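Note sheet for the following structure.
In this note's numbering, the protein residues as written are -2 to 173.
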């Protein structure tokens, strides 16, 4: 699940008055990124994401850890689809009509995100979100924010991925 608005990390106060995150922050690194759903491709860590409805068989967007070149993100996204879903064509989802015009591959953006695990391990709440991960867009100055390059899947609706748009004043820049 993602959010296009900048995200504020929610905190609660401990018995001693010390604030702590309600959710656990995670910073992907080489040791655990692959175990958390990322595919390593030429030293890039890429994953596919769904939109807020979470009802798609295939990703509507791709995230690559770090600020990467647009062409490298496209290649990493194709490698992710080949490894996870067994296909390499980024222009259509399997079963789509090849005669339908699909827009060109969208540009990638450089932005930041925070990966959250609900709940914070020390403060369980037993709700429906227990033991789930989510990524939210965040300003680069947010504690735990990591640089991300994001790319909408070409066959997904423009609004499906909710990727920050630099042309709309979002905290992002176009990848080169």
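C-beta atoms are modelled at their ideal positions from N, C-alpha and C, and glycine is treated no differently.
Note that the structure is predicted; figures quoted are calculated from it, not measured.
In whole angstroms, give me the CA-to-CA distance for residue i and residue j.
i          : j           : result
residue 41 : residue 87  : 18 Å
residue 92 : residue 172 : 30 Å
residue 29 : residue 37  : 11 Å
residue 35 : residue 164 : 28 Å
residue 78 : residue 13  : 48 Å
residue 74 : residue 103 : 12 Å
residue 16 : residue 94  : 53 Å
residue 10 : residue 169 : 32 Å
residue 7  : residue 19  : 6 Å
So the beta strand (DSSP E) residue i belongs to, where does it begin and stop?
i           : result
residue 55  : Careful: residue 55 lies outside any beta strand (DSSP E) and carries neither H nor E.
residue 149 : 143 to 149
residue 45  : 41 to 46
residue 10  : 8 to 10
residue 36  : 36 to 38
For residue i, report the span of its alpha helix (DSSP H) as first-last.
i          : result
residue 82 : 67 to 82
From the options, pick the residue whose C-alpha is nearest to that of residue i; which is it?
i           : options              : result
residue 107 : 76, 59, 98 and 72    : 59
residue 152 : 161, 110 and 96      : 96
residue 136 : 167, 157, 155 and 45 : 167
residue 158 : 39, 71 and 47        : 47
residue 162 : 131, 62, 109 and 90  : 109
residue 44  : 130, 156 and 138     : 130
residue 89  : 114, 33 and 55       : 55
residue 98  : 154, 71 and 10       : 154
residue 112 : 71, 160 and 133      : 133
residue 31  : 9, 62, 8 and 10      : 62
residue 76  : 138, 7, 20 and 39    : 39
Inset, instruction - Give a yes or no on contact between the region 142 to 150 and the region 57 to 76, applying the rule of three or more CB pairs nearer than 8 Å. - result: yes
Legend entry - Stretch-stretch touch, CB-based, cutoff 8 Å, three pairs: the region 73 to 83 with the region 131 to 142: Fewer than three pairs of CB atoms, one per stretch, sit closer than 8 Å, so the region 73 to 83 makes no contact with the region 131 to 142.
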